[in-house]
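Data block below; observations after.
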Amino acid sequence: MTARESAADIEAAAARWVVRADRGDLDPAELEAWLAGDTRRQGAFVRAQAAWGLLDRGRALGVEETPQRQRIDRRGLLAGLGVAAAACVAVVVAPRLLAARYGTAVGEIRRVPLADGSLAAINTDTALEVAMKPRRREVRLDRGEAWFQVAKDAERPFVVESGPVRVRAVGTAFSVRRRDGGCEVLVTEGVVEVWSEGADEAPRRVTAGERVFASDSAGPARPVPASLEITRELAWREGQIVLDGEAFGAAAEEFNRYNARKIVIADPALAEQKLVGWFRTNEPESFARAAASSFGARVTVRGDAILVQSIAPLAE
Amino acid sequence: MHRSLQNNSTRVGGTETVSEGRARVVAWIGREILPHEADLRAWLRRAFATAGDVDDIVQETYCRLAGLSHVDHIGEPRAYLFQAARSVALEQLRRARVVRIDTVTEIDALNIELDEPSPERIAGGRRELERVRRLIAALPDRCRRIFEMRKIEGLPQREIARRMGVTENVVENESVRGLRAILAALAEGETEEQTAARRPSTHDRTRKRR
Chain A
1 MTARESAADI
11 EAAAARWVVR
21 ADRGDLDPAE
31 LEAWLAGDTR
41 RQGAFVRAQA
51 AWGLLDRGRA
61 LGVEETPQRQ
71 RIDRRGLLAG
81 LGVAAAACVA
91 VVVAPRLLAA
101 RYGTAVGEIR
111 RVPLADGSLA
121 AINTDTALEV
131 AMKPRRREVR
141 LDRGEAWFQV
151 AKDAERPFVV
161 ESGPVRVRAV
171 GTAFSVRRRD
181 GGCEVLVTEG
191 VVEVWSEGAD
201 EAPRRVTAGE
211 RVFASDSAGP
221 ARPVPASLEI
231 TRELAWREGQ
241 IVLDGEAFGA
251 AAEEFNRYNA
261 RKIVIADPAL
271 AEQKLVGWFR
281 TNEPESFARA
291 AASSFGARVT
301 VRGDAILVQS
311 IAPLAE
Chain B
1001 MHRSLQNNST
1011 RVGGTETVSE
1021 GRARVVAWIG
1031 REILPHEADL
1041 RAWLRRAFAT
1051 AGDVDDIVQE
1061 TYCRLAGLSH
1071 VDHIGEPRAY
1081 LFQAARSVAL
1091 EQLRRARVVR
1101 IDTVTEIDAL
1111 NIELDEPSPE
1121 RIAGGRRELE
1131 RVRRLIAALP
1141 DRCRRIFEMR
1151 KIEGLPQREI
1161 ARRMGVTENV
1171 VENESVRGLR
1181 AILAALAEGE
1191 TEEQTAARRP
1201 STHDRTRKRR
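Shown next as structure tokens:
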């Protein structure tokens, strides 16, 4: 096991690459290989490039700028930056499986490749059925929540059905969560159409970075932009819960979706306290303890309950 | 003043190629992001005193900026930079798994940080240009001469080597040394006195980890 490369070493190497590119003595493949090794290298490289370029402003102090030559010199750098940008995108590869019905237990989170090349991430306590038909890819969500990365296939729309609610996509990524009386739809890529068979409304287009609640009876509401929220809410795909100012009570409910041991908050004032943090879905107790310590509360574990109580009544 | 500098680096024709787009991103980072780096580091050190490593967070943040395909939509580069760093920092806290809430809540201080454009910040372009001049002027002699020939006179490294009677490798090494000194100065956001006193040999000290 080698030691993690220090940020200072990376910075020194990045400066070397930039100067070598400026000199014209650069093997793009070598630079590519170096950049591919660590995202920090890509960051250090663009930073050093930017600083190097910043100094070109020194020209304003002296002779006229010569843009033509500058462009040629920069070609090597630009190639490298392209690699940096591309390498910043993570790729998920998973083995293929073929099956039609998927269920998860409480606390279980599964990533399932579907037969058409799409990917489903299935959250806790969920029932899902997938049918790949010649003209249509159909997914039924009876309970719970799932996120789909849909493989492009213009001939075969990908439709998620949950009760009367329908979400239709061609090639895009989104999640659907079944709730009482409707579905929560979060779109992470592309565009989907959302409607309810139980309502007369026309389908609504929901684009990347937007969320919408589709009521079973009244259909979807107006989509609202919420890209940061969406990223946070989909942290369950990595087994995480991310809180950014949510109330303790709501956060505890979220944990309770994943665990048989439920967090119980004894004091309503406590439940309204706001939290920021990043936690594992399957560690409700460490969450409860961390929260309690910051609110001045006490945690008692009794059987299947993690009880959080105020030590003294909270002053309003 | 500021305007003319901006025009300098954002001027493009009607048909912009992908690599020109990237050149604009790099120029934008130099112009709009680097000047805020010292403030960003100071904030990260305060907000994440016990979590992550500021240098790592900064490098990861630049990686995200490098991934931008265009920057015209970013109206508040400083705010954008802080947001990007915040999300990197949160990511690192996530990897650390157990989050100390008292550390993380300080992220809220971000909002305060962004609402206060200080007078120096507004002074913008002129100050920036002076800073570039000072950064170059503060380099050791040989290093400074190389930078002036490269950056002010626009001579290629090979020609600089010929004129100075040294090998190209010497020019390369001096350039790397100078660039590192400048990167360290940008990270520090130093005062004028410090700039005058700066030599690259202080580099290791200034890069010391918390």
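Just so you know, the sequences run in chain order A and B.
The numbers in the numbering used here rise by one with no breaks, and the one at position 277 of the first sequence is 277.
The numbers in the numbering used here rise by one with no breaks, and the one at position 137 of the second sequence is 1137.
The beta carbon of each residue, even a glycine, is placed where N, CA and C say it ideally should be.
Under a CB-based cut-off of 8 Å, is alanine 226 of chain A close to chain B?
-> Along the first sequence, read from residue 1 onward, the residue named residue 226 of chain A stands at position 226. Alanine 226 of chain A does not count as touching chain B.
Interface residues of chain B around alanine 195 of chain A at Cβ under 7 Å?
-> The residue given as residue 195 of chain A occupies position 195 in the first sequence. The sequence shown places tryptophan at residue 195 of chain A, rather than the alanine named in the question. None at all; the shortest Cβ gap to chain B is about 31 Å.
Can you give me, in chain order, the residues of the segment 1148–1182 of chain B that have a beta carbon less than 8 Å from any beta carbon in chain A?
-> Glu1148, Arg1150, Lys1151, Ile1152, Glu1153, Gly1154, Pro1156, Gln1157, Arg1158, Glu1168, Val1171, Glu1172, Ser1175, Val1176, Leu1179, Arg1180, Ile1182
Touch check for the segment 1132–1146 of chain B and the segment 9–16 of chain A: three-plus C-beta pairs under 8 Å?
-> no
From this set, A/Phe45, A/Gly24, A/Asp22, which residue's C-alpha is nearest glutamate 32 of chain A's C-alpha?
-> For the purposes of this step, residue 32 of chain A is taken as the residue at position 32 of the first sequence. Among A/Phe45, A/Gly24, A/Asp22, the Cα nearest to that of glutamate 32 of chain A belongs to A/Phe45.
What's the C-alpha gap between tyrosine 1080 of chain B and glutamine 149 of chain A?
-> Residue mapping note: residue 1080 of chain B aligns to position 80 of the second sequence, counting from 1. Residue mapping note: residue 149 of chain A aligns to position 149 of the first sequence, counting from 1. C-alpha separation (whole angstroms): 28 Å.
Neighbourhood of glutamate 1174 of chain B by C-beta, 8 Å cutoff - its chain only, sequence neighbours within 5 removed | The sequence position of residue 1174 of chain B within the second sequence is 174, counting from 1. So the list reads Arg1142, Cys1143, Ile1146, once near-sequence residues are dropped.
Does the segment 152–163 of chain A touch the segment 203–213 of chain A, meaning 3 or more C-beta pairs lie closer than 8 Å?
-> no
Would you kindly work out how many angstroms separate the C-alpha atoms of glycine 1030 of chain B and glycine 1021 of chain B, rounded to a whole number?
-> Position 30 of the second sequence, counted from the start, is the residue given in the question as residue 1030 of chain B. Position 21 of the second sequence, counted from the start, is the residue given in the question as residue 1021 of chain B. Going from the Cα of glycine 1030 of chain B to the Cα of glycine 1021 of chain B covers about 14 Å.
Please go through the same chain and pick out, in chain order, the residues whose beta-carbon is closer than 6 Å to the beta-carbon of alanine 48 of chain A, but skip the five residues on each side of it.
-> Here the question's residue 48 of chain A lines up with position 48 in the first sequence. Once the five neighbours on either side are set aside, the close Cβ partners of alanine 48 of chain A are Ala14, Ala15, Val18.
Proximity of arginine 237 of chain A and alanine 226 of chain A at Cβ, strictly below 8 Å | Taking the first sequence and counting its residues from 1, the one referred to as residue 237 of chain A is at position 237. Taking the first sequence and counting its residues from 1, the one referred to as residue 226 of chain A is at position 226. The answer is no: Cβ separation not under 8 Å.
Chain B within 8 Å of aspartate 267 of chain A, Cβ atoms only | Taking the first sequence and counting its residues from 1, the one referred to as residue 267 of chain A is at position 267. Cβ-Cβ to chain B under 8 Å: no for aspartate 267 of chain A.
How would you list, in chain order, the residues of chain A whose beta-carbon sits under 8 Å from the beta-carbon of glutamate 1060 of chain B?
-> Within the second sequence, numbered from 1, the residue matching residue 1060 of chain B stands at position 60. Chain A residues near glutamate 1060 of chain B: Thr39, Arg40, Gly43.
Rounded straight-line distance, which links the Cα of arginine 177 of chain A to that of leucine 141 of chain A | Taking the first residue of the first sequence as 1, we reach residue 141 of chain A at position 141. Taking the first residue of the first sequence as 1, we reach residue 177 of chain A at position 177. Their Cα atoms are separated by approximately 8 Å.
Threonine 281 of chain A - DSSP class collapsed to helix/strand/coil | Counted from its first residue, the first sequence places residue 281 of chain A at position 281. Coil at threonine 281 of chain A, not helix or strand.
At a CB-CB cut-off below 8 Å, which residues of chain A make contact with cysteine 1143 of chain B?
-> Within the second sequence, numbered from 1, the residue matching residue 1143 of chain B stands at position 143. The contacting residues do not exist; cysteine 1143 of chain B stays about 12 Å from chain A at best.
Which residues in the same chain as glutamine 273 of chain A place their Cβ atom closer than 6 Å to its Cβ, once the five residues preceding and following it in sequence are excluded?
-> Taking the first residue of the first sequence as position 1, residue 273 of chain A is located at position 273. Counting only Cβ-Cβ distances below 6 Å, and skipping sequence neighbours, we find Phe248, Phe295.
If you measure beta-carbon to beta-carbon, which residues of the segment 1065–1083 of chain B are closer than 9 Å to chain A?
-> Leu1065, Ala1066, Gly1067, Leu1068, Ser1069, Gln1083
Using a Cβ-Cβ distance under 8 Å, would arginine 111 of chain A count as near chain B?
-> Your numbering for residue 111 of chain A matches position 111 in the first sequence. Not one chain B Cβ lies under 8 Å of arginine 111 of chain A.
Quick one: is the Cβ of arginine 261 of chain A within less than 7 Å of any heavy atom of the ligand MN?
-> With respect to the ligand MN, the structure shown offers nothing to examine, as it has no ligands at all.
Closer than 9 Å by beta-carbon distance: list the chain A residues that pair up with aspartate 1039 of chain B, in chain order.
-> Along the second sequence, one-based indexing puts residue 1039 of chain B at 39. Residues of chain A passing the Cβ test: none, with the nearest at roughly 15 Å.
Under the rule that 16 or more other beta-carbon atoms within 10 Å means buried, what is arginine 96 of chain A, buried or exposed?
-> As a position in the first sequence, residue 96 of chain A is number 96, starting the count at 1. Only weak support exists for where arginine 96 of chain A lies, its pLDDT of 30 falling under 50; the value from the coordinates is given anyway. Exposed, since its Cβ has fewer than 16 Cβ neighbours within 10 Å.
Beta-bridge pairing of glutamate 161 of chain A - partner residues as DSSP gives them = Mapped onto the first sequence, residue 161 of chain A falls at position 161. Bridge partners of glutamate 161 of chain A: A/Arg140, A/Arg166.
Going along the segment 16–34 of chain A in order, which residues come within less than 7 Å of chain B, judged by CB to CB distance?
-> Arg16, Val18, Val19, Arg20, Asp22, Arg23
Nearest-angstrom beta carbon gap, valine 308 of chain A and alanine 290 of chain A [assumed within contact, 8 Å] = As a working note, residue 290 of chain A is residue 290 in the first sequence. As a working note, residue 308 of chain A is residue 308 in the first sequence. In fact, because the Cβ distance is near 11 Å, the residues do not count as touching under 8 Å.
Assuming glutamate 1172 of chain B contacts arginine 1158 of chain B under a Cβ cut-off of 8 Å, what Cβ separation, rounded to an integer in Å, is found between them?
-> Reading the second sequence from its first residue, position 172 is the one you call residue 1172 of chain B. Reading the second sequence from its first residue, position 158 is the one you call residue 1158 of chain B. Rounded, the Cβ-Cβ distance is 10 Å, inconsistent with contact.
Take the Cβ of alanine 297 of chain A as the centre, count every other Cβ of all protein chains shown within 10 Å, and call the residue buried at 16 or more, exposed below.
-> Counting from one through the first sequence, the residue named residue 297 of chain A turns up at place 297. Under this definition alanine 297 of chain A is a buried residue.
If we call anything under 8 Å between Cβ atoms a contact, is arginine 143 of chain A one with alanine 127 of chain A?
-> The residue given as residue 143 of chain A occupies position 143 in the first sequence. The residue given as residue 127 of chain A occupies position 127 in the first sequence. Cβ atoms of arginine 143 of chain A and alanine 127 of chain A: closer than 8 Å.
Reference leucine 186 of chain A, options A/Trp195, A/Asp180, A/Ala173, A/Glu5, closest by Cα = Working through the first sequence from its first residue, we reach residue 186 of chain A at position 186. Looking at the Cα atoms, A/Ala173 is the closest of the given residues.
Residue range of the beta strand (DSSP E) that includes serine 310 of chain A | As a position in the first sequence, residue 310 of chain A is number 310, starting the count at 1. Note, serine 310 of chain A: beta strand (DSSP E), 305–310.
Is the distance from the Cβ of valine 1088 of chain B to the Cβ of isoleucine 1057 of chain B below 8 Å?
-> Your numbering for residue 1088 of chain B matches position 88 in the second sequence. Your numbering for residue 1057 of chain B matches position 57 in the second sequence. Contact: yes.
Give the residues of chain B in contact with glycine 209 of chain A, contact being defined as C-beta atoms less than 9 Å apart.
-> Residue 209 of chain A sits at position 209 when you count from the first residue of the first sequence. Result: empty, since nearest Cβ-Cβ is about 13 Å, beyond 9 Å.
Please say whether isoleucine 265 of chain A and glutamate 254 of chain A have beta carbons closer to each other than 8 Å?
-> Position 254 of the first sequence, counted from the start, is the residue given in the question as residue 254 of chain A. Position 265 of the first sequence, counted from the start, is the residue given in the question as residue 265 of chain A. No, the Cβ-Cβ distance between glutamate 254 of chain A and isoleucine 265 of chain A is not below 8 Å.
Name the DSSP beta bridge partners of glutamate 272 of chain A, please?
-> Counting from one through the first sequence, the residue named residue 272 of chain A turns up at place 272. Answer is none; glutamate 272 of chain A lacks a bridge partner.
Using a threshold of 8 Å, state whether the C-beta atoms of alanine 199 of chain A and serine 217 of chain A are closer than that.
-> As a first step, residue 199 of chain A must be located in the first sequence, where it is residue number 199. As a first step, residue 217 of chain A must be located in the first sequence, where it is residue number 217. Their beta carbons are under 8 Å apart, which means alanine 199 of chain A touches serine 217 of chain A by this criterion.
Looking only at C-alpha atoms, which of A/Ser118, A/Gln42, A/Val276, A/Arg156 sits nearest to proline 134 of chain A?
-> Looking up residue 134 of chain A in the first sequence gives position 134. The shortest Cα separation from proline 134 of chain A among A/Ser118, A/Gln42, A/Val276, A/Arg156 belongs to A/Arg156.
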